[in-house]
Amino acid sequence: MHINPYGADPVNLAADLANRRPSTAAELAERCGAAGLVVQTAVGAADLDRLATTLDAWEKIVDASDEHERAARLNRMLAGAAAYPRLTDHAGGWHLHYRDDGRPLGEVLTALIAVGTAMHLSGRGMHRLRRCAVTGCAAVFADTSRTGRQRYCAIRCANRDAVRRHRSRASTGGDRSAHPHLSTKR
Ligand SMILES: [Zn+2]
Ligand SMILES: [Zn+2]
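In full-length UniProt numbering, the protein residues as written are 1 to 186.
Printed below as a string of structure tokens:
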């Protein structure tokens, strides 16, 4: 995985892993591979443990109460995970790595998540990391929308919330015709 200047791929991978934590090392390796991360070492239980610790800390970054707390938590993760950047062409094409070569996947992921999240927040906006607005859906997402006001983790949740709001308006005598985007047919 090559980190683009805005860190979208790593931060999306972090959200995916946090929302649905891998239960085996094989699953972790498989999902990293599917996300475009070149896995060069054997993956084991220690990697799962390291990832779990990282994701716990990362969710605290998501849930931070303000930008400064968010930055402080992320800076701690960067300090513990990321080494100085260096140029490499191991996969064809020069790009930057933010860790030493030959590290286990758990450490590689931690550095990738920390740097990718920092790039995403500094490039797109410190507020662009949050949980879905639907009650009962705690999914985390990185807001890469144009406006920076994405409220839902997925279209499915946006639709669910629109239906719920429509029903509560309808049951309190709201005007259905004011919401032409929602069919009243079942
Ligand atoms: Zn690389
Ligand atoms: Zn959701």
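Yeah, the Cβ is synthetic: ideal placement off N, Cα and C, and Gly gets one too.
The stretch 31 to 51 makes no contact with the stretch 60 to 73, as fewer than three CB pairs between them are under 8 Å.
Contact residues of ligand 2 (beta-carbon closer than 7 Å to any heavy atom; chain order) are C132, V134, C137, A139, Y152, C153, A154, C157.
Apart from the 5 residues on each side of it in sequence, D89 sits with its Cβ closer than 8 Å to the Cβ of H95 in its chain, given in chain order. Secondary structure at R160: helix, using DSSP grouped into helix, strand and coil. In the DSSP assignment, T110 falls within the alpha helix (DSSP H) that extends over 105 to 124. DSSP links H97 through a beta bridge to R86. At least one heavy atom of ligand 1 lies less than 6 Å from the C-beta of A91. By the criterion of a C-beta distance shorter than 6 Å, L129 is surrounded in its chain by V62, A142, once the five residues flanking it on both sides are discounted. Boundaries around V140 are those of the beta strand (DSSP E), 140 to 142, since no alpha helix (DSSP H) includes it.
In this structure M126 does not touch E59 by the C-beta definition: roughly 17 Å separates them, more than the 8 Å allowed. Straight-line measurement puts the Cα of L78 at about 10 Å from the Cα of T117. Here R131 carries a strand assignment [DSSP, helix/strand/coil]. In the same chain as V108, and ignoring 5 residues on each side of it, the C-beta atoms closer than 7 Å to its own belong to R99, in chain order.
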